[in-house]
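There are 2 protein chains.
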Amino acid sequence: MSTTAPSPDHILQTGLAFWASKTLLSAVEMEVFTELARGPESLESLTGRLGLHPRSSRDFLDALVALGFLERQDGAYSNTPSTNLFLDKHKPSYVGGILEMANRRLYGHWNNLTAALRTGKPQSESPGEEDFFGALYADPSRLKTFLRAMTGISRGANITIASQFPWAKYKSAADCGTAQGDLIVQVALKNPHLAGIGFDLPEVAPIFEEHVEANGLSSRVRFISGNFFADPLPHVDVIMMGHILHDWNLEEKKLLIRKAYEALPEGGAFIAYDALIDDDRSKNAFGLLMSLNMLIESPGGFDYTGADCVAWMKEAGFRETRVEHLVGPDSMTIGIK
Amino acid sequence: MSTTAPSPDHILQTGLAFWASKTLLSAVEMEVFTELARGPESLESLTGRLGLHPRSSRDFLDALVALGFLERQDGAYSNTPSTNLFLDKHKPSYVGGILEMANRRLYGHWNNLTAALRTGKPQSESPGEEDFFGALYADPSRLKTFLRAMTGISRGANITIASQFPWAKYKSAADCGTAQGDLIVQVALKNPHLAGIGFDLPEVAPIFEEHVEANGLSSRVRFISGNFFADPLPHVDVIMMGHILHDWNLEEKKLLIRKAYEALPEGGAFIAYDALIDDDRSKNAFGLLMSLNMLIESPGGFDYTGADCVAWMKEAGFRETRVEHLVGPDSMTIGIK
Numbered sequence: 000m001s002t003t004a005p006s007p008d009h010i011l012q013t014g015l016a017f018w019a020s021k022t023l024l025s026a027v028e029m030e031v032f033t034e035l036a037r038g039p040e041s042l043e044s045l046t047g048r049l050g051l052h053p054r055s056s057r058d059f060l061d062a063l064v065a066l067g068f069l070e071r072q073d074g075a076y077s078n079t080p081s082t083n084l085f086l087d088k089h090k091p092s093y094v095g096g097i098l099e100m101a102n103r104r105l106y107g108h109w110n111n112l113t114a115a116l117r118t119g120k121p122q123s124e125s126p127g128e129e130d131f132f133g134a135l136y137a138d139p140s141r142l143k144t145f146l147r148a149m150t151g152i153s154r155g156a157n158i159t160i161a162s163q164f165p166w167a168k169y170k171s172a173a174d175c176g177t178a179q180g181d182l183i184v185q186v187a188l189k190n191p192h193l194a195g196i197g198f199d200l201p202e203v204a205p206i207f208e209e210h211v212e213a214n215g216l217s218s219r220v221r222f223i224s225g226n227f228f229a230d231p232l233p234h235v236d237v238i239m240m241g242h243i244l245h246d247w248n249l250e251e252k253k254l255l256i257r258k259a260y261e262a263l264p265e266g267g268a269f270i271a272y273d274a275l276i277d278d279d280r281s282k283n284a285f286g287l288l289m290s291l292n293m294l295i296e297s298p299g300g301f302d303y304t305g306a307d308c309v310a311w312m313k314e315a316g317f318r319e320t321r322v323e324h325l326v327g328p329d330s331m332t333i334g335i336k
Numbered sequence: 000m001s002t003t004a005p006s007p008d009h010i011l012q013t014g015l016a017f018w019a020s021k022t023l024l025s026a027v028e029m030e031v032f033t034e035l036a037r038g039p040e041s042l043e044s045l046t047g048r049l050g051l052h053p054r055s056s057r058d059f060l061d062a063l064v065a066l067g068f069l070e071r072q073d074g075a076y077s078n079t080p081s082t083n084l085f086l087d088k089h090k091p092s093y094v095g096g097i098l099e100m101a102n103r104r105l106y107g108h109w110n111n112l113t114a115a116l117r118t119g120k121p122q123s124e125s126p127g128e129e130d131f132f133g134a135l136y137a138d139p140s141r142l143k144t145f146l147r148a149m150t151g152i153s154r155g156a157n158i159t160i161a162s163q164f165p166w167a168k169y170k171s172a173a174d175c176g177t178a179q180g181d182l183i184v185q186v187a188l189k190n191p192h193l194a195g196i197g198f199d200l201p202e203v204a205p206i207f208e209e210h211v212e213a214n215g216l217s218s219r220v221r222f223i224s225g226n227f228f229a230d231p232l233p234h235v236d237v238i239m240m241g242h243i244l245h246d247w248n249l250e251e252k253k254l255l256i257r258k259a260y261e262a263l264p265e266g267g268a269f270i271a272y273d274a275l276i277d278d279d280r281s282k283n284a285f286g287l288l289m290s291l292n293m294l295i296e297s298p299g300g301f302d303y304t305g306a307d308c309v310a311w312m313k314e315a316g317f318r319e320t321r322v323e324h325l326v327g328p329d330s331m332t333i334g335i336k
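As you go down the protein sequences, you meet chains A and B in turn. Following numbering that gives the first Met the number 0, the numbering of the first sequence begins with 0 at its first residue and continues without gaps. Following numbering that gives the first Met the number 0, the numbering of the second sequence begins with 0 at its first residue and continues without gaps.
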């Protein structure tokens, strides 16, 4: 084998990438980064405080160093600037909710990927359950984990939309399927002239209101409870749905787009963002993998391309559409009525 | 958030990297690459032949394209040069054994990483079993998966050792804990003057002999059965152990090194290779994660640095030692008696 021969490295690295993944997930579960946000600590001190067994505590912490999530100097471990900002539970910038959910639920469910691919059926707690969100919202501890997870995976996109979209043209906005409300919160923080609404099932109200209040927005951002399939959407200038459309099957997706169209005034805008698959379906691996995650977690959800979403919006009547990249794997599709 | 602010991308990508990992593992399990080694196929044909459900077969195959494991042209999927060479079960270059083992065993066991870190105890099938290899070798189907897996993860290092080590100086070599025998096979293929021995438990003999015969080496490479703790090692010029030392606890590691020393003549060489952790324990993440894998899979195993191994070899009496990088994460420590 010469040095120009193909190498199995990429294959083996990807095939065993769950080692690095699960190591980070366990570190988040054990709150390694929250602990170290207090200051650097020695191996002995961390082993004791985190309840690690000495057999492998050093390997575990050094693996986090080698993976770029911790630093180690003169035997003392500390957070990197990134993990200090994003994985300390006590900071509002915490994005670990999605990793807590991945650790508690998704990692195990994905062990059944082959069965999901063979049957087309979800592999979550109750594989037969048809009403995924109904069951989720009925369980307060699952709901809280889920809503925090959604904030974790959406923060970057939310902040980008808050500055990238031409908000000066509009006076009001509603985030439908708002969860903790981080999208409407970020948009309202950046645009003091806007009145905002978070729309979601009633169970979400207290969690939403806590987040809005923590951001000092209670006077401008309010909660409206409703079911976006059964009830009309709020009448506002801009309707947003972040990581919503991909949860549903094709008919449900089209229904939500039609309801957004109906609720908007002439000239109003609908913003739908997701981890859009590139139109050639060959580059944005994350979008495609997210679609497999929807297979595993939901009865009919799937991710889609910008071209798919543009076609659905045109079919619903939107006269002008465009796709804009946000951050990481996320892009938004915008429809103007 | 300005563009210079820290981003949670690396955190989220690593935390969800098990998606890509499990997608590849399921593809290996369903023999996608073995099927496509016959030639390019359309989505419809592949969906039928692989027994995929139409809900997500396109997402699954396109995810493999986006991850770099398949190509797609004019709607026909085909292997990449790499997956065609390394993931087609019918080729001797197949390295998928390690991924089959990862898919059947390791992925699920790693779901218990937190418990392993808290208790120091393995999390494999029978967490209490003290005799890991005894149980493994007693189950022919587990044994075959394991031995093929070892060839998959060792092939690159084996080929490198066959050309990188100064074999001209030596007449005979034994690979202790030889498994399928790929190390001694590659060394013998490249060095026609050498007589080779594979040393392992008796259950391994037929699998070893099949591999040696397939490579046309039956006249120069033979099997000796034995237990490397209980029995003396073969008297040869070079003793090798590939991915062996990391399976055992410190006392067992030192015993194996001492036994290699005792079996060698003056001037003989001992080669031990593993995914060596860098001496600073901050760079070779794979070696550190492999050590966590040993925590999960074995009662006392752990990976180690080149400096660790040099110290153990010197303690055993080797007069000269050196560490040489092989390929990917693997390096070898050489001791000259």
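We put the CB at the ideal spot given by N, CA and C, even for glycine. All figures in this text were calculated on a predicted structure; none of them were measured in a lab.
State yes or no: is the beta carbon of Phe317/B nearer than 8 Å to at least one beta carbon in chain A?
no
Reference Ala137/A, options Leu200/A, Ala101/A, Arg117/A, closest by Cα
Leu200/A
Which term fits Asp273/A, buried or exposed, when burial requires 16 or more other beta carbons within 10 angstroms of its beta carbon?
buried
Expected contact under 8 Å - CB spacing of Leu291/B and Thr22/A to nearest Å
7 Å
Establish whether the CB of Ala274/A and some CB of chain B are separated by less than 8 Å.
no
Given Asn214/A, which residues of its chain have a CB within under 7 Å of its CB, disregarding the five upstream and five downstream residues?
Val184, Leu188
Once the 5 residues before and after Gln163/A are set aside, which same chain residues still bring their CB inside 6 Å of it?
none
Out of Glu202/B, Ser224/B, Leu287/B, Val309/B, point me to the one whose CA is closest to Leu135/B's CA.
Glu202/B
Examine the ligand MN and report whether any of its heavy atoms sits within less than 7 Å of the Cβ of Ser218/B.
In terms of ligand content, the structure shown is empty, and the ligand MN therefore cannot be addressed.
Span of the alpha helix (DSSP H) holding Phe222/B?
Counting along the chain, Phe222/B falls outside any alpha helix (DSSP H), though it belongs to the beta strand (DSSP E) covering 220-224.
Asn78/A lies in the beta strand (DSSP E); which residues open and close that run?
75-78
Exposed unless 16 or more other CB atoms sit within 10 angstroms - verdict on Asp181/A
buried
Extent of the continuous beta strand (DSSP E) to which Arg321/B belongs
319-326
Confirm, please, whether the CB-CB distance from Ile196/A to Ile223/A is below 8 Å.
yes
Runs of 4 residues minimum, wholly inside the region 157-208 of chain A: which ones carry the alpha helix (DSSP H) assignment?
181-189
If you reduce the DSSP assignment to three classes, tell me which class Ala137/B lands in.
helix
With 9 Å as the C-beta to C-beta threshold (strictly closer), list the residues of the region 19-37 of chain A near chain B in chain order.
Ala19, Ser20, Lys21, Thr22, Leu23, Leu24, Ser25, Val27, Glu28, Met29
What residues in the region 85-112 of chain B bring their beta carbon closer than 9 Å to a beta carbon of chain A?
Phe85, Leu86, Ser92, Val94, Gly95, Ile97, Leu98, Ala101, Asn102, Leu105, Tyr106, Gly107, Trp109, Asn110, Leu112
Contact belief for Trp18/A with Trp109/B at Cβ below 8 Å, rounded distance in angstroms
7 Å
When you check each C-beta in the region 259-285 of chain B against every C-beta of chain A, which residues fall closer than 7 Å?
Arg280, Ser281, Lys282, Asn283, Ala284
Bridge partner(s) assigned by DSSP for Phe269/A
Ile238/A, Gly334/A
Within the 8 Å Cβ cut-off, does Thr52/B reach chain A?
Residue 52/B is actually His in this sequence, not Thr. Closer than 8 Å: yes.
Give every residue of the same chain whose Cβ lies closer than 7 Å to the Cβ of Leu263/B, excluding the five residues on either side of it in the sequence, and list them in chain order.
Ile238, Phe269, Lys336
Smallest Cα separation from Leu66/B: which of Gly74/B, Asp73/B, Thr79/B, Glu28/B?
Thr79/B
Decide yes or no for the touch test of the region 92-103 of chain A against the region 27-35 of chain B: beta carbon pairs closer than 8 Å, at least 3 of them.
no
One or two residues paired with Ile276/A in a DSSP bridge:
Thr304/A
Grouping DSSP H, G and I as helix and E and B as strand, with all else coil, what is Asp246/B?
helix
Cβ-based burial, Phe207/B [other Cβ within 10 Å; buried from 16]
buried
Closer than 8 Å is the cut-off here; do at least three beta carbon pairs connect the region 139-153 of chain A with the region 307-323 of chain A?
no
Here's the rule I'm using: 16 or more other beta-carbon atoms within 10 Å means buried, otherwise exposed. How should Pro328/B be labelled?
buried
Report the start-end ranges of each beta strand (DSSP E) in the region 29-105 of chain B that is 3 residues or longer and not cut off at the edges.
69-72, 75-78
Rounded separation between Gly299/B and Ala115/B - CA only:
12 Å
Rounded to whole angstroms, what's the CA-CA distance from Gly266/A to Leu98/A? Just pull it up for me.
39 Å
Just the Cα atoms here: how many angstroms apart are Glu323/B and Asp277/B?
12 Å
Could you pull out every residue in the same chain whose Cβ sits closer than 7 Å to the Cβ of Gly305/B, ignoring the five residues on either side in sequence?
Leu275, Asp278, Val322, Ser330, Thr332
Would you kindly work out how many angstroms separate the C-alpha atoms of Lys168/B and Leu288/B, rounded to a whole number?
36 Å
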